[in-house]
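Please read the structure below before turning to the comments.
In my numbering, the protein residues as written are 10 to 484.
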């Protein structure tokens, strides 16, 4: 542990970020490996989502249990995020992400095996769901904290945009292929496909080098390269993952606090944990932009809750359509996110992040409010208008989330990026069940289209409140 803390305390190698900047994304093998791993994993997740829900329903036949399992699935990310951030900042991000992939793959494989042998019971479902979600609570902040050691600061927006588009594309392909996979291999086979994608993702991530590994190889003379590699092999995952570029406008916290702090043998691990946790909260309180980013992430998820919860009611009772239209609206949303991600990757750096975020919030609010109009139309005209609005919703979601995520990566010192990412995740995920509960309650008194209009107007008001905020508009 002492050696680990010393590695985390070491200042970042200043040439790592420029080295990453010099490599175009199309030639950055480490980023491409990361992209492939994410695409493979998301493909498996989308296949698993269909197969797992089918298994749950066949095993229990209870809608209540299906809803309860969904709540259990979100619980670890909300409860554990505040704790996992400190862990992620103290341990190698690469190893955490790979271990989480292998762990989730093993659990999914075991689920399929128990179902195949007829031994899968309801308590297994709750236990496995809890374990998988807990691993994700570690993997998510670790993955976010790892990315800036692979990409240069100016590449974060483009890289995150491409990553989002690739993930959405893989998810669509997985959803389209899920039916065929389940038909040919059964639900167990579909689960094993997901398990295999986790294992393959972890294998690919094992070949990804972080910033300091690349710099060490590039900087060492030919005769010394192998020696440098051997000298760093034991600690590369630790030291390299701390290589985080950040904005000069933010104080360099690497030179103070936990970054320069050596471990105190006399203090308990719990006290060190509490100290690190307080440091993360103090950074958020002292950085208004980060605090604003966390609030905006929560607002986006809260505002979208009625879409997620009441879309079936909207389609059935107000558009007078069937499940095909429900699927079409989901595909339209994903297509909008894919297109937005590709456009951001191409032209996003030409705009201020604040401009992208404000535009996205205005578009998100207007699109959501306008969803109240398709029910006033009839037939294909109503369906087409609703699909178009869902495309715009997808565009706005990606346009808001990618710049927010990239900005946090740019300005947050690497030593606390795990804690900040975990805090954002906790707020954003907490907003989902809160928004879902309030939306379900309100839908008993307010027509769904009117509720969409109210939430859309709320999001527009939030965007308008940010307009006079000159400091925000400079980012």
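We put the beta carbon where it would ideally sit given N, CA and C, even for glycine.
Measuring CA to CA, which of the options is closest to residue i?
i, options, result
"residue 381", "422, 364, 319, 353", "319"
"residue 150", "91, 122, 206", "91"
"residue 58", "82, 428, 36", "82"
"residue 103", "35, 122, 192, 214", "214"
"residue 403", "293, 355, 341", "341"
"residue 358", "156, 51, 412", "412"
"residue 366", "192, 484, 389", "484"
"residue 96", "42, 195, 426, 84", "426"
"residue 316", "478, 458, 303, 157", "458"
Which of the three DSSP states, helix, strand or coil, is assigned to residue i?
i, result
"residue 150", "helix"
"residue 37", "coil"
"residue 93", "helix"
"residue 100", "coil"
"residue 478", "coil"
"residue 308", "helix"
"residue 300", "helix"
"residue 50", "helix"
"residue 128", "coil"
"residue 341", "helix"
"residue 329", "coil"
"residue 60", "helix"
"residue 118", "helix"
"residue 204", "helix"
"residue 244", "Low per-residue confidence applies at residue 244: pLDDT is 32, beneath 50, and the placement is therefore not dependable enough to give any value."
Less than 7 Å between C-beta atoms, sequence neighbours within five positions excluded: which residues of the same chain meet that for residue i?
i, result
"residue 128", "none"
"residue 166", "353, 357, 358, 411, 412, 415"
"residue 176", "47, 48, 51"
"residue 370", "409, 468, 471, 472"
"residue 282", "95"
"residue 198", "190"
Do you know how far the Cα of residue j is from the Cα of residue i?
i, j, result
"residue 112", "residue 434", "21 Å"
"residue 89", "residue 110", "18 Å"
"residue 300", "residue 419", "15 Å"
"residue 422", "residue 448", "37 Å"
"residue 122", "residue 187", "19 Å"
"residue 191", "residue 60", "7 Å"
"residue 206", "residue 53", "6 Å"
"residue 417", "residue 475", "18 Å"
"residue 432", "residue 387", "44 Å"
"residue 406", "residue 126", "42 Å"
"residue 94", "residue 159", "20 Å"
"residue 185", "residue 179", "10 Å"
"residue 139", "residue 70", "20 Å"
"residue 146", "residue 385", "43 Å"
"residue 312", "residue 216", "39 Å"
"residue 209", "residue 42", "11 Å"
"residue 295", "residue 481", "15 Å"
"residue 430", "residue 153", "7 Å"
"residue 280", "residue 314", "38 Å"
Can you find the residues in the same chain that come closer than 6 Å, C-beta to C-beta, to residue i, ignoring five residues on each side of it along the sequence?
i, result
"residue 148", "106, 109"
"residue 117", "200, 203, 204"
"residue 304", "none"
Within the same chain, show all residues whose beta-carbon is closer than 8 Å to that of residue i, passing over the 5 residues directly before and after it, in chain order.
i, result
"residue 351", "170, 171, 174"
"residue 509", "The structure shown does not extend to residue 509, since the chain spans only 10 to 484, so no value can be given for it."
"residue 346", "173, 174, 177, 403, 404, 406, 407"
Would you verify that the beta carbon of residue i is, or is not, closer than 8 Å to some beta carbon of chain D?
i, result
"residue 412", "Looking for chain D here will not work: only one protein chain is present."
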